[in-house]
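One structure is given here, and the rest of the page talks about it.
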Amino acid sequence: MSRYQAIFQQSVEHPETFWAEQAQRIPWFTPPRTILSYDDQHHARWFSDGEMNLCYAALDYHVEQGRGDQAAIFWDSPATQSKQTISYLQMRDRVAYFAGALAQLGVEKGDRVIIYMPMIPEALIAMYACARLGAVHSVVFGGFAPHELAARIEDAQPKVVVAASCGVELDKVLPYKPMVDQAVELSAHKPDACVVYQRNAHRAELGANDHDWADLVAKAPFADCVPVKATDPLYVLYTSGTTGKPKGVVRDTGGYAVALAYSMEAIYAMAPGDVFFTASDVGWVVGHSYIVYAPLLVGCTTVVYEGKPVKTPDAGSFWRLIEEYRVKSFFTAPTAFRAIKKEDPDASLLSKYDISSLKHLYVAGERLDPPTFHWLDDLLDVPVIDHWWQTETGWPIAANLPGIEPMPTKAGSATYPVPGFNVQVLNRDGEQAQPMEQGSVVIKQPMPPGCLAGVWRDPQRFHAAYMAAFPGYYLTGDGGYFDDQGYLFIMGRTDDVINVAGHRLSTGEMEEVVGAHPAVAECAVIGIHDNLKGQLPLGLVIPKDGFDGDEAALEAELIARVREYIGAIACFKQVLVVDRLPKTRSGKILRKLLRNIADGKEFAIPSTIDDPTSLADVHAAMRERSVGAAEDATPLD
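Under the UniProt record's numbering, think of the first position of the sequence shown as 1, with each following residue one higher.
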């Protein structure tokens, strides 16, 4: 039995013993004696009688252990041409005084605080300050539309909103305070106060219940860490793309801390003093887990980047950051590398930088398509690790595990389940699927520490959304299969499986074939309604920069490729060449929205969209080519 197999087997057969051992990674105020218990609906609860404070574990503890002078944060902002290095001691003090400022505004253990900020150190400081007080933070991506922010304010019912005066990009400044004001006006719940961190690019006008961050901190006391139960909530994070009433994922404190600390060693192979760079945003779960909390819990340095993979100033931005900060492990979404590949197909900018410090590259957030995997694998001398997880789980479900036992990679696979996650694939009858047979990917109870503890203020919704479909299992909503060597392949959301004349086909497989064409930078394949066959696939393709070939010829070649590799059964006969695909700010292509447009349904432009004009462009292209019933699709007010 391999080392991985032995550890994984222990984790699923003896979870209490396994996680009791991992809990020793955390400095507890009161070590837990009850490792695993269950709530009224038989959902797992971890370390219920343990007491701790996550801010203490990530900051104060390291200062006490002699790491006070080590860098906790490297902040790099090409948008403002600014950089900062913040030590553990400086971070601890800045957090403690801001926590004191929040306490003077009446924030106490259990109160909620909405944080609406860009990628600046103060966003992390605000999050840690809430954790220090035992308050529950809810970070909303800076720049979200006022009505979406209002829905989150109404649901979380915060005592205080913490905002920056603006977000800054290379070509524009986005004032935040007017959006906060409008959101508060729209919300039935009114926060007691708003704290504004003033940025030089734009200073906000403050009203009667508004407070200047700097003025508050100058008069604030140093706040000590408040002990909380391991099962007390640390944050509420609303899932992207939510419509109607927002769905707030609740994360506990102790289980999350234990899971993150374990993951940094087992999955990311990081040690105290190493530099970890995650190119994401604190508004997403990736930012919460692997920019804000996990690196500092284990004594690493985290890189906080206010910029993009391209155009800040070019497609060499990531390589520059890896060289400058001597990054050991780097984590981003596949879409970031597709953007880089589109602008710099031969990675000529890489030659300008020394990235020899890099030992592992990790990608997640959406499926790593094989063409992008092979591009990176050929380009770099380090393992390219695709790993799979969700907002709900808070940390990876499946991954290659260099901290335990490095394994050969397979394009398109997230490798093996992470210890603690008993991943299974069930067919439509709820029975275990055979190797290579696609089905619903589920996780057998108990879910490991760190996973969602519920949906904020709605326990029935939690059970109905995740636990009811297959009793005893958590429903991931993703489809996939295990191969005959036990490698897990995630093929996309189960609603991305299309039914063509009774044949169930994966759009993910078609995307692999289309994306492998040398002229294609990025693509999406969706299923659209067809009166005769039920559904038919439609390909949307972005050519690489510099493509000057004939678009009609490219479309014909792609149709022929799918026919060759998958067969005529796929009925892949429609391809549109487009300039952009509509995506969320976290980089996920809005496939469901594209399906609705192609099927002629009314559609709403979601708050999570990165560039609304990209949606209008694709809609226009569909109408021009008479795709499905796209002509009848109209945007909702």
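Cβ coordinates follow ideal geometry from the N, Cα and C atoms, glycine included.
Quick check on the DSSP output: the alpha helix (DSSP H) that includes residue i runs from which residue to which?
| i | result |
| --- | --- |
| residue 186 | 177-186 |
| residue 570 | Residue 570 -> no alpha helix (DSSP H), and no H or E assigned at all. |
| residue 90 | 88-104 |
| residue 233 | Looking at the DSSP string, residue 233 is not in any alpha helix (DSSP H); the run it does join, the beta strand (DSSP E), is 233-238. |
| residue 163 | Where residue 163 is concerned, there is no enclosing alpha helix (DSSP H), although the beta strand (DSSP E) it sits in stretches over 160-164. |
| residue 155 | 146-156 |
| residue 597 | 591-598 |
| residue 189 | Where residue 189 is concerned, there is no enclosing alpha helix (DSSP H), given that its DSSP letter is neither H nor E. |
| residue 639 | Nothing in the structure corresponds to residue 639, since the chain is present only between 1 and 637. |
| residue 656 | Beyond the ends of the chain as shown, which are 1 and 637, falls residue 656; an answer cannot be given. |
Residue i: buried (16+ other C-beta within 10 angstroms of its C-beta) or exposed?
| i | result |
| --- | --- |
| residue 436 | exposed |
| residue 356 | exposed |
| residue 16 | exposed |
| residue 43 | buried |
| residue 348 | exposed |
| residue 454 | buried |
| residue 69 | exposed |
| residue 272 | exposed |
| residue 8 | buried |
| residue 222 | exposed |
| residue 59 | buried |
| residue 247 | buried |
| residue 330 | buried |
| residue 243 | With a pLDDT of 42 at residue 243, under the threshold of 50, the modelled position of this residue cannot be trusted; read the value that follows with caution. That one is exposed. |
| residue 18 | buried |
| residue 489 | buried |
| residue 393 | buried |
| residue 279 | buried |
| residue 482 | buried |
| residue 5 | exposed |
| residue 132 | buried |
| residue 317 | buried |
| residue 546 | exposed |
| residue 149 | buried |
Consult DSSP for residue i and reduce its assignment to one of helix, strand or coil.
| i | result |
| --- | --- |
| residue 75 | strand |
| residue 476 | strand |
| residue 275 | strand |
| residue 117 | coil |
| residue 21 | helix |
| residue 243 | Note that residue 243 scores a pLDDT of 42, beneath 50, so its modelled location is shaky; the value from the coordinates is reported in the next line. Three-state result, residue 243: coil. |
| residue 334 | helix |
| residue 353 | coil |
| residue 608 | coil |
| residue 317 | helix |
| residue 141 | coil |
| residue 66 | helix |
| residue 301 | strand |
| residue 11 | helix |
| residue 36 | strand |
| residue 5 | helix |
| residue 557 | helix |
| residue 229 | strand |
| residue 634 | coil |
| residue 542 | strand |
| residue 173 | strand |
| residue 203 | coil |
| residue 327 | coil |
| residue 613 | helix |
| residue 564 | helix |
Is it the case that the CB of residue i approaches a heavy atom of the ligand HEM more closely than 7 Å?
| i | result |
| --- | --- |
| residue 125 | Ligands in the displayed structure: none, and consequently the ligand HEM is not present. |
Over the uninterrupted beta strand (DSSP E) stretch that includes residue i, give me the two end residues.
| i | result |
| --- | --- |
| residue 429 | Here residue 429 belongs to no beta strand (DSSP E), and DSSP marks it neither H nor E. |
| residue 310 | Where residue 310 is concerned, there is no enclosing beta strand (DSSP E), given that its DSSP letter is neither H nor E. |
| residue 490 | 488-493 |
| residue 574 | 574-577 |
| residue 363 | 360-363 |
| residue 45 | 44-46 |
| residue 193 | 193-197 |
| residue 212 | 210-212 |
Using 8 Å for Cβ pairs, my map puts residue i next to residue j. What's the rounded Cβ distance?
| i | j | result |
| --- | --- | --- |
| residue 570 | residue 543 | The Cβ separation is near 22 Å, so there is no contact. |
| residue 374 | residue 414 | No, residue 374 and residue 414 are not in contact; Cβ-Cβ is about 16 Å, not under 8 Å. |
| residue 524 | residue 511 | 7 Å |
| query | Unbroken alpha helix (DSSP H) runs of length 4 or more, entirely within the region 386-469: which are they? | reply | 459-462
| Every unbroken beta strand (DSSP E) inside the region 504-540 [3 residues or more] | 520-530
| Quick one: complete alpha helix (DSSP H) runs, 4+ long, within the region 250-274? | 254-266
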